[in-house]
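One structure is given here, and the rest of the page talks about it.
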Amino acid sequence: MATLADGAIVSAPPGGRGRWAAIALVAPALLVVGVFFVVPLLLSAVGAFRAPGGGFTLAHFDKSLELYTKDLIFTVAIVALSTLLIALVAILIAGYLTLGENARAVAILRWLYRWPLFIPFVVAGQIMRTFLAKNGMLNHVLIGAGLIEPISAESMLDWRGIVIAFVWKQAPFVTLLLAGAMASLERQHIEAARNLGAPRWRVLIDIVLPQVRGTLLVGLVLSFVTMLSVLSVPLMINPNSPTMITVDVAYRINTFADYAVANALCLLSLLLAAFGAAFYLRHAVQRAEDT
Amino acid sequence: MKFRMLLSVAALGVVTAAPAAAQTTLNVVSAGDQNMVDYVNNYLGPKFEQMNPGVKVRAVGTGPGDSGSQKIYEKLSAQQKAGSATWDVDVAVVHQRGAATMVDEKLLMPYRNDIAAGKLVSRDTAKNALGANVDGYVLPMFHSQIAFAYNPDLVKTPPKSFTELNDWVKKNPKQFGYNGVKGGMSGVGFVMGWVAANSGMGEKLEKGPYDPNAKATIEKSLAGLKDFNQYVVMTPGNAGTLDMLNRGEIAMGPVWVDMFYTWMADGKMNPKVKLALPSPGLPGQPMYYVIPAKAANAALAKKFIDFAESPEVQADGIVKQFNWYPGIDPQYVQSKMEPAAWNKLFTDISPADLSKNGRPFPLSQYFTDIVEGYERVVLK
Numbered sequence: 001m002a003t004l005a006d007g008a009i010v011s012a013p014p015g016g017r018g019r020w021a022a023i024a025l026v027a028p029a030l031l032v033v034g035v036f037f038v039v040p041l042l043l044s045a046v047g048a049f050r051a052p053g054g055g056f057t058l059a060h061f062d063k064s065l066e067l068y069t070k071d072l073i074f075t076v077a078i079v080a081l082s083t084l085l086i087a088l089v090a091i092l093i094a095g096y097l098t099l100g101e102n103a104r105a106v107a108i109l110r111w112l113y114r115w116p117l118f119i120p121f122v123v124a125g126q127i128m129r130t131f132l133a134k135n136g137m138l139n140h141v142l143i144g145a146g147l148i149e150p151i152s153a154e155s156m157l158d159w160r161g162i163v164i165a166f167v168w169k170q171a172p173f174v175t176l177l178l179a180g181a182m183a184s185l186e187r188q189h190i191e192a193a194r195n196l197g198a199p200r201w202r203v204l205i206d207i208v209l210p211q212v213r214g215t216l217l218v219g220l221v222l223s224f225v226t227m228l229s230v231l232s233v234p235l236m237i238n239p240n241s242p243t244m245i246t247v248d249v250a251y252r253i254n255t256f257a258d259y260a261v262a263n264a265l266c267l268l269s270l271l272l273a274a275f276g277a278a279f280y281l282r283h284a285v286q287r288a289e290d291t
Numbered sequence: 292m293k294f295r296m297l298l299s300v301a302a303l304g305v306v307t308a309a310p311a312a313a314q315t316t317l318n319v320v321s322a323g324d325q326n327m328v329d330y331v332n333n334y335l336g337p338k339f340e341q342m343n344p345g346v347k348v349r350a351v352g353t354g355p356g357d358s359g360s361q362k363i364y365e366k367l368s369a370q371q372k373a374g375s376a377t378w379d380v381d382v383a384v385v386h387q388r389g390a391a392t393m394v395d396e397k398l399l400m401p402y403r404n405d406i407a408a409g410k411l412v413s414r415d416t417a418k419n420a421l422g423a424n425v426d427g428y429v430l431p432m433f434h435s436q437i438a439f440a441y442n443p444d445l446v447k448t449p450p451k452s453f454t455e456l457n458d459w460v461k462k463n464p465k466q467f468g469y470n471g472v473k474g475g476m477s478g479v480g481f482v483m484g485w486v487a488a489n490s491g492m493g494e495k496l497e498k499g500p501y502d503p504n505a506k507a508t509i510e511k512s513l514a515g516l517k518d519f520n521q522y523v524v525m526t527p528g529n530a531g532t533l534d535m536l537n538r539g540e541i542a543m544g545p546v547w548v549d550m551f552y553t554w555m556a557d558g559k560m561n562p563k564v565k566l567a568l569p570s571p572g573l574p575g576q577p578m579y580y581v582i583p584a585k586a587a588n589a590a591l592a593k594k595f596i597d598f599a600e601s602p603e604v605q606a607d608g609i610v611k612q613f614n615w616y617p618g619i620d621p622q623y624v625q626s627k628m629e630p631a632a633w634n635k636l637f638t639d640i641s642p643a644d645l646s647k648n649g650r651p652f653p654l655s656q657y658f659t660d661i662v663e664g665y666e667r668v669v670l671k
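So the protein sequences, as listed, match chains A and B. The first sequence begins at 1 in this note's numbering and counts up one residue at a time. The second sequence begins at 292 in this note's numbering and counts up one residue at a time.
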C-alpha cells in the first residue's frame, strides 16, 4: 500500500526531456528550502566555530558545555522519558481502538483522543501552568476527592510538568499514525488468535504490535525531534535550572546577544536530533526496499 | 451643465485625493510588554492623530525584555549596513542596554535639545544608560521599579533589607518566590539587588569604573544566593510570581511595580497584596524614546515625543492610566493630577523610599558578569 512517506520515492521518468521538466518543477521548492533552510543552517553551524576576530575556535563549545551540560542531560532525559510514555499511551489507545469490543466506548475514545492535536504547544504550556500549580485544578480535584491531604499538595511545574505537557500534546499524534496502521492490518490474524483463546492484551503484544512496529517507531522519532525543538512549554512551565536547551538558546540571544554560544547549543541539539533522523532514514529506506 | 459636471468631478477628485496625499504614517516600534504597544495604539496615537490631521500613528511591538530592544537594534543596524537613505522606523521605544548600543553605533539622532519637553527631565537616566553616555539622544518615557510584593495576611512585617530577607526565608521556607535569571527581568533585578547588597560593591556596580577582577567578589556573593535558593520557590516568569502570590502558593516575591498596579486595577490581583522596597535597594529602569538617525519622518517624530513628554500626557497617560512612574521630573506631573490619583502610586512605597532604594541596574559589563556568574555559581 502506498502511503505519503513513499511519495518521495518515484521511479525516474525515461528520456531526457521529462527529466528536465521534472527538475524545473521541483526547482522552486528546492530553492525555497535551500535559501530559507539550508543556508541559514550552514551559517549557524559556521557561527558556532567562528571567533570574534573571524578565526576558528572551539571556545563557544567549551562555554556551552561548561554552563549547560546539566541542561543537555536534562533535555535528553525529559525527551526520552516523554517518548517512552507517549509510546505507552499511544499503544494503549490505538490498541483499544483496534481491539475494543464496546462500540460506544471506542467511538467516544476515537472522538476524544485527537483533541490535543489541534492545540498549539504554547497553549498546552499555558493550560498546564494553571492545571499543575500547587493550588491548581489538579490538586484541587485530588484534595476534593480525598486522595491527597492539602498539606502534601505540591506544584508539578518542574520536569514533571514538561513531561506531562509533552505526552498530552504528542501522544495523540503517534496514536493517530498507529491506529491507522493497526486498522489496515488483516483482521484474520487477530480473529484467529482470538478464536484460539488469546486474551486481547496478548493479541496486542504478540500479533498487532510486531506488524506496526515500523509506524510506531517513525511516529516516536518524529515526536522526539519535535519535542527537542519546543521552546514555549519549558519556558512557560520551568525556565529555571535545570531547563531545556531551547530556553538556554533563547536566553543567550535575548540577554547577551550571544549568537555564537547559541549556535553552538543549536548544533549540539542538532546532534541529538541527528540520531532520530538517522533512524528515520534507515527505516524509510528499508520500507522503500520492501515495497 | 457640462462645466458644472466637470467641476463636480474635479471636486470629487480633490476630496478623495486630498486625504491620501496628506496621509503620513508615523512608525512607532516599541520593545517591552504588550501594555506598551497598547499605550501607543489606544491612548497616545489617537490623541496625536486628532491634533495632527492626516497623520496615522502605527505602533508595533517587538517583545518584552532586552530581546525586544535587540530586535529593533538588529533592524536599524541592517538598514545602516545596507546604506538605506531613509529608515522605516520613526520613533523607537527601547531599554537602557539597547539605547547604549544604538548610540555607540551611531544609529540614533540627538534630539533632546530640539524639543520643549527636553528641559523637563531631571533624572540621571536621561544622560546615562548603564554607564554609557546617551546625553541628548534619549528621553525617558517612564520609569519602572522592581519591589517585593507580599501578602500582609501571611507576612506581618516584610523584611526591610536583604539580610533580614535571608533570615526570613530560613524561618519560612518555600514562601519566597522569584523567577531566576532566565524567566524575565524581575528575577534578574532581584539577583542584581542581592549582589549589590552582599558584595559590598553597590556603588561601584552602578557608577564604575568596570573592573574585570571583581568577578571573584561577585561570585562570592552569588554563592550565598545558591544557599538562599534552597529555601525559595522558583516561579515561571514575571507573571508567574504574581500568579503564585494570587493563588497563595508563595507569600512574597519581586515584581514590577507597574505590572502589579495594572493587575490590581484590572481586578486580577488579590487586593490585599502590598509592596515594599528593601534596603539597600532593588533596580528599576526607564524605557527611552529614541529617533533613528535616518528616520523618514524625523520632524514629526520630534513632535510626537514632545507631545508624549508633555506634563498633561505624563500625568493622565503614564501615571494615571498605566501606573508607571513619570519619565519627566515629577514636580511638573504632580501639579497636573488629582492628589488621590497621584498618591495611589505611592501608597506602599513613599517617594522618599523610592529615591533612596530605587537603584539603576548595574553597568552592562557588570550586568553580564552577574548573570553569567549566576549560571556558573548558582545553577551548577
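All residues carry an ideal CB built from backbone N, CA and C; glycine is no exception.
Throw me the rounded Cβ distance for the residue i and residue j pair, which I believe falls under 8 Å.
{"i": "Gly422 (chain B)", "j": "Ser646 (chain B)", "result": "The pair is not a contact, with the Cβ atoms about 20 Å apart (cut-off 8 Å)."}
{"i": "Lys451 (chain B)", "j": "Ser570 (chain B)", "result": "6 Å"}
{"i": "Trp615 (chain B)", "j": "His434 (chain B)", "result": "7 Å"}
{"i": "Leu132 (chain A)", "j": "Leu138 (chain A)", "result": "6 Å"}
{"i": "Asn195 (chain A)", "j": "Arg538 (chain B)", "result": "At roughly 56 Å, the Cβ-Cβ gap does not stay under 8 Å, so Asn195 (chain A) and Arg538 (chain B) are not in contact."}
{"i": "Val174 (chain A)", "j": "Gly219 (chain A)", "result": "4 Å"}
Since residue i is in the alpha helix (DSSP H), which residue starts that stretch and which ends it?
{"i": "Lys386 (chain B)", "result": "The residue you asked about is not Lys; residue 386 (chain B) is His in the sequence shown. From DSSP, His386 (chain B) is part of no alpha helix (DSSP H); its letter is neither H nor E."}
{"i": "Lys338 (chain B)", "result": "336-342"}
{"i": "Gln576 (chain B)", "result": "Note, Gln576 (chain B): premise wrong, no alpha helix (DSSP H); beta strand (DSSP E) at 573-581."}
{"i": "Arg213 (chain A)", "result": "209-228"}
{"i": "Thr98 (chain A)", "result": "59-99"}
{"i": "Ala350 (chain B)", "result": "It is not in any alpha helix (DSSP H) - Ala350 (chain B) instead sits in the beta strand (DSSP E) that spans 346-352."}
{"i": "Val123 (chain A)", "result": "121-131"}
{"i": "Val624 (chain B)", "result": "621-625"}
{"i": "Phe658 (chain B)", "result": "655-664"}
Below 6 Å CB to CB, which residues in the same chain sit around residue i once its five sequence neighbours on both sides are set aside?
{"i": "Leu516 (chain B)", "result": "Trp485, Val669"}
{"i": "Ala567 (chain B)", "result": "Phe439, Pro449"}
{"i": "Ala176 (chain A)", "result": "With the sequence shown as reference, residue 176 (chain A) is identified as Leu, and Ala is not the correct amino acid for it. The answer is none, since no qualifying residue turns up."}
{"i": "Val221 (chain A)", "result": "Gly276, Phe279, Tyr280"}
{"i": "Arg19 (chain A)", "result": "none"}
{"i": "Gly649 (chain B)", "result": "Gln436, Gly575"}
{"i": "Arg17 (chain A)", "result": "none"}
{"i": "Met560 (chain B)", "result": "Trp554"}
Cβ atoms of residue j and residue i: under 8 Å apart, would you say?
{"i": "Trp168 (chain A)", "j": "Ala124 (chain A)", "result": "yes"}
{"i": "Ser64 (chain A)", "j": "Leu268 (chain A)", "result": "yes"}
{"i": "Phe453 (chain B)", "j": "Ala488 (chain B)", "result": "yes"}
{"i": "Thr215 (chain A)", "j": "Leu272 (chain A)", "result": "no"}
{"i": "Tyr251 (chain A)", "j": "Lys473 (chain B)", "result": "yes"}
{"i": "Ile91 (chain A)", "j": "Leu185 (chain A)", "result": "no"}
{"i": "Asn238 (chain A)", "j": "Pro527 (chain B)", "result": "yes"}
{"i": "Leu265 (chain A)", "j": "Val249 (chain A)", "result": "yes"}
{"i": "Ala599 (chain B)", "j": "Leu317 (chain B)", "result": "no"}
{"i": "Ala587 (chain B)", "j": "Asp381 (chain B)", "result": "yes"}
{"i": "Gln548 (chain B)", "j": "Asn529 (chain B)", "result": "The sequence given here has Val at residue 548 (chain B), not Gln. Result no, Cβ atoms of Val548 (chain B) and Asn529 (chain B) do not sit closer than 8 Å."}
Got a sec? Which residues, its chain only, sit under 7 Å from residue i by beta carbon, not counting five neighbours each side?
{"i": "Pro355 (chain B)", "result": "Gly323, Asp324"}
{"i": "His386 (chain B)", "result": "Ala322, Asp357, Ser360, Gln576, Met578"}
{"i": "Lys627 (chain B)", "result": "Pro602, Glu603, Ala606"}
{"i": "Thr392 (chain B)", "result": "Tyr364"}
{"i": "Leu399 (chain B)", "result": "Met393, Tyr428, Val581, Ile582, Pro583, Ala584"}
What residues in its chain sit with their C-beta under 8 Å from that of residue i, if we drop five residues either side in the sequence?
{"i": "Val163 (chain A)", "result": "Ile78, Leu81, Ser82, Leu85"}
For residue i, report the span of its beta strand (DSSP E) as first-last.
{"i": "Leu566 (chain B)", "result": "565-567"}
{"i": "Ala440 (chain B)", "result": "430-441"}
{"i": "Met543 (chain B)", "result": "543-547"}
{"i": "Asn102 (chain A)", "result": "Element bounds for Asn102 (chain A): n/a, residue is neither H nor E."}
{"i": "Asn318 (chain B)", "result": "315-321"}
Under 7 Å (Cβ pairs) to chain A, residues found in the stretch 653-670 of chain B: Flagged, chain order: Thr659, Val662, Glu666, Arg667, Leu670.
Residues within the stretch 243-260 of chain A neighbouring chain B, beta-carbon criterion of under 9 Å: Per Cβ criterion, the list reads Thr243, Val247, Asp248, Ala250, Tyr251, Ile253, Asn254, Thr255, Phe256, Ala257.
Contact list for the stretch 343-361 of chain B against chain A, Cβ threshold 8 Å: Of all residues in the stretch 343-361 of chain B, Gly356, Asp357, Ser358, Gln361 have a Cβ within less than 8 Å of some Cβ in chain A.
Short-range partners of chain B found in the stretch 153-169 of chain A, where Cβ spacing is below 8 Å: Going along the stretch 153-169 of chain A in chain order, one finds Ser155, Leu157 with a Cβ nearer than 8 Å to chain B.
Residues within the stretch 106-135 of chain A neighbouring chain B, beta-carbon criterion of under 7 Å: Flagged, chain order: Arg129, Ala133, Lys134, Asn135.
Where the stretch 136-150 of chain A meets chain B: residues whose CB sits under 7 Å from a CB there: Per Cβ criterion, the list is empty.
Members of the stretch 535-555 of chain B that neighbour chain A once the beta carbon cut-off is set at 8 Å: Correct list: Met535, Arg538, Gly539, Glu540.
Contacting positions in the stretch 317-339 of chain B - beta carbon closer than 8 Å to chain A: So nothing in the stretch comes that close.
Interface positions of the stretch 515-533 of chain B facing chain A (Cβ-Cβ less than 7 Å), listed along the chain: If you check each beta-carbon in the stretch 515-533 of chain B against every beta-carbon of chain A, the ones closer than 7 Å belong to Met525, Pro527, Gly528.
Residues of the stretch 471-496 of chain B with Cβ closer than 7 Å to any Cβ of chain A, in chain order: Going along the stretch 471-496 of chain B in chain order, one finds Gly471, Lys473, Gly474 with a Cβ nearer than 7 Å to chain A.
Residues from the stretch 227-244 of chain A in contact with chain B, defined by Cβ distance under 9 Å: Residues of the stretch 227-244 of chain A with a C-beta less than 9 Å from any C-beta of chain B: Leu235, Met236, Ile237, Asn238, Pro239, Asn240, Ser241, Pro242, Thr243, listed in chain order.
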